[in-house]
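Shown next, in structure tokens, is the structure this report addresses.
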Amino acid sequence: MRFVPLVVLKSKVGEFGAVMRLGAGHAPRILVELLDSVRIEGGRLLPMFTEAAVQMAERGQPVWVDVRAMGGARFPGGSFAFLDDHIESTLDGQLSLDVPAIIPVVHDNASDSELAAVALLQQHRPRDVVIRFHDLAPACLDDRLRRVVRGSRAKGVHAVIDLGYVDDARPESVVPFARALVDRLGPAAVTVLAGSIPAKRNGYTTTTRARPELALWQAVSDEVPVHYGDYGVVHPAIPPPSTPGKRSVHPYLYYTTPGHVVALRRPLEKAVERAAAAGFADLASELVARKDFAGTAFSWGDRELSGCRRGGVRGASTTSTWVAMATSHHVAHLTRRGPSEW
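Using full-length UniProt numbering, you'd call the opening residue of the sequence shown number 1 and step up by one each time.
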């Protein structure tokens, strides 16, 4: 079985920017969890999501989209229908590519109205449906699957076992559930998803630590053929609403290496002109000098990181830019390297 990685994006401008700059060749599966911060008019999120989704559709790999946290009442016809139509109209007739604009993601406990919204998409263009499982209890699994498939009129099904944030690998409860899904859906139709980026960043010492989501997947896939999925370089939980006003964020970066992640952070020296950019330049200089830096040709993000070093040709002073670089590298890490090097 050829393992196809999945990366979940949490509606961050930087994440969409990284997808828009994917290089030629294979791309991972992309699941976008759209949040209530997305607006029909104004803001950058919807235009950037649309452009990223268009590019993925043109690759023949439409994005998987989860709208549960989005607040569909604000969108004419519901979130799925609005996004599907919006992306198709942006493609301007290019969907002779024979793929839908989006692949809907529903939860295993989806309401009747959520399933009906997906069924409406099927009337326009039949498509697969992704079912996101949080409850790993095997009880009534057949009934849960049957209800979602019938209610959404799914053409085909892919299951994502979503474990959220993990700080160590505990495959014991995952293996039986993964096996039950593979028995019903097939080995190519199940992904184990988890992430270990912490919710808060503390201290300024550069650290390298193992990625337990990878160890977890390796342990499960040794028993059951399942795909690997993670949350990229952000924390898995939906962030709380941000407080209005300008925030001072200390320069930071999570850089993926085989089996590990390097966490770098710098204090914000407010007495220094353009303090955020200066702090990130110092951080980038340290990273590029490390032996586990992948090189400027590895990804768009790596090239940008190299240019952001002290005395470099670029500056980076915003969280969205830092996230874009880190996400770009992370995606390249999963697509340019084989599973044994993830």
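The C-beta atom is built at its ideal place from N, Cα and C for all residues, glycine as well.
query	result
Considering just the uninterrupted stretch of the alpha helix (DSSP H) at Pro47, what are its terminal residues?	Leu45 to Glu58
So, for Ala110: in the same chain, excluding its five sequence neighbours on each side, which residues have a beta-carbon less than 7 Å away from its beta-carbon?	Val148
I'd like to confirm the pairing. Which residues does DSSP put opposite Glu33 in its beta bridges?	Asp66
Can you tell which of Gly77, Ala281 and Phe133 has the C-alpha that lies nearest to the C-alpha of His250?	Ala281
Compute the Euclidean distance between the alpha carbons of Pro212 and Ala154, then round it to the nearest angstrom.	33 Å
What does a CB cutoff of less than 6 Å around Lys10 pick up in its chain, not counting 5 residues either side in sequence?	Glu33 and Val234
Secondary structure at Asp230, three-state DSSP: helix, strand or coil?	strand
Have a look at Leu185 and Ile131 and give me their C-alpha separation to the nearest angstrom.	11 Å
Ignore the nearest five residues each way along the sequence and tell me which others in Ala332's own chain have a CB closer than 6 Å to its CB.	Phe298 and Ser299
Report back the beta-carbon spacing between Val67 and Ile103 to the nearest angstrom; my notes put them in contact at under 8 Å.	About 12 Å separates the two Cβ atoms, so there is no contact after all.
Can the beta-carbon of residue 379 be found less than 7 Å from the beta-carbon of Leu253?	Nothing about residue 379 can be reported from this structure: the residues present for the chain run from 1 to 342 only.
Mapping DSSP to helix, strand and coil, what is residue 343?	Shown here, the chain extends from 1 to 342; a query on residue 343 therefore has no answer.
What's the call for Gly301, buried or exposed, on a 16-neighbour Cβ count within 10 Å?	buried
Please identify the residue among Ser89, Pro100 and Pro138 whose C-alpha is closest to the C-alpha of His124.	Pro100
Do Leu91 and Val54 have their C-beta atoms closer together than 7 Å?	yes
So, under 8 Å CB-CB, Arg44 and Val13 are touching, yes? Tell me the CB distance rounded to an integer number of Å.	5 Å
Does the Cβ of Cys140 have 16 or more other Cβ atoms within 10 Å, making it buried, or fewer, making it exposed?	exposed
For the beta strand (DSSP E) holding Ala263, just list the boundary residues, first then last.	His260 to Arg265
CA-CA distance, His330 and Val261?	10 Å
Nearest by alpha-carbon distance to Thr207: which of Leu283, Arg179, Pro171 and Val190 is it?	Leu283
Measuring only the C-alpha atoms, how far is Ala179 from Trp217?	A small fix is needed here, since residue 179 is Arg in this sequence, not Ala. One C-alpha to the other measures close to 13 Å.
Taking Ser196 as the reference, which of Val174, Gly151, Gly279 and Val166 has the closest Cα?	Val166
In chain order, what residues of the same chain lie with their CB nearer than 7 Å to the CB of Arg59, ignoring the 5 residues before and after it?	Ala27
Tell me which same chain residues have a C-beta within less than 6 Å of the C-beta of Gly315, skipping the five on either side of it?	Ala277
Less than 7 Å between the beta carbons of Gly17 and Ala289, yes or no?	no
Measure how close the beta-carbons of Leu136 and Val190 come, nearest whole angstrom, since I'm counting them as under 8 Å.	12 Å between Cβ atoms; not a contact.
Hey, would you say the C-beta of Val174 is under 6 Å away from at least one heavy atom of the ligand ZN?	As far as ligands go, the structure on display features none, and thus does not contain the ligand ZN.
Under DSSP, the alpha helix (DSSP H) around Ser177 begins and ends at which residues?	Reading off the sequence, residue 177 comes out as Phe, not Ser. Taken as a continuous stretch (DSSP letters only), the alpha helix (DSSP H) holding Phe177 covers Val174 to Leu185.
With DSSP run on the structure shown, which of helix, strand or coil describes Ile87?	helix
Counting C-beta neighbours from all protein chains within 10 Å, is the total for residue 403 16 or more, i.e. buried, or is it exposed?	Any property of residue 403 remains undetermined from this structure, which presents the chain solely from 1 to 342.
Looking only at C-alpha atoms, which of Gly77, Ser89, Asp84 and Asp98 sits nearest to Ser113?	Gly77
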